[in-house]
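Since the structure comes first, as structure tokens, the remarks are kept for the end.
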Amino acid sequence: MKSEINSAVVNARSLPISTKYSVEICNFIRYKDLKTARKQIENIVEMKKALPIRRFGWDLGHKKEVGPGTYPVKAGKHFLQLLDSAKSNAENKGLNGENLVITIAKANKAERRWRAGRKGRVKMKNTHVTIKVEEIKKENLKEGNKK
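In this text, residue positions in the sequence shown follow the numbering used here: the first is 1298, and each later residue adds one.
Quick look at the structure:
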């Protein structure tokens, strides 16, 4: 991914979290400002509000105000760390931390390593996550533009 002047990127490799939940969280936070995304993920981690599951929600129960949803606490904690890292990267580049919007959020499958077990082996879940934030002027935020 090409580095731009008004953006900052954070890449996380081989996180021990579910790829399906990571995809749902990425779809949930994409095109939101950083403060809103962080607050919503904190609510998910504290189990106050469920994450809406749109793509992988075949047998999930209905949650209030969401529809099919769940509380991916472990993945949420990792995403909170990534959002903090993205904000720090942006501030190190000289960007204003208040005007940051998540423009790219994607989760990809990582390697599936074997973990030793008592009766045999078990495959681990791993996920690569990329988050890109851009600084957008206040006027553009009020208009509701994505870019």
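Note that beta-carbon positions come from the ideal geometry of N, C-alpha and C, so glycine has one too.
Inclusion of residue 1316 and residue 1404 in the CB contact set at 7 Å is warranted, their separation being smaller than that value. Annotated three-state conformation of residue 1413 is strand, per DSSP. DSSP places residue 1432 outside any alpha helix (DSSP H); the residue lies instead in the beta strand (DSSP E), whose first and last residues are 1424-1432. Counting C-beta pairs with one atom in each stretch, the region 1375-1390 and the region 1333-1346 have three or more that are closer than 8 Å, which means they touch.
With respect to residue 1380, residue 1367 sits apart: the two C-beta atoms are not nearer than 7 Å. Judged by DSSP secondary structure, residue 1352 falls outside any beta strand (DSSP E); it is assigned neither H nor E. Distance from the Cα of residue 1425 is smallest, within the candidate group 1302, 1314, 1306 and 1301, for 1314.
The three-state secondary structure of residue 1338, taken from DSSP, is helix.
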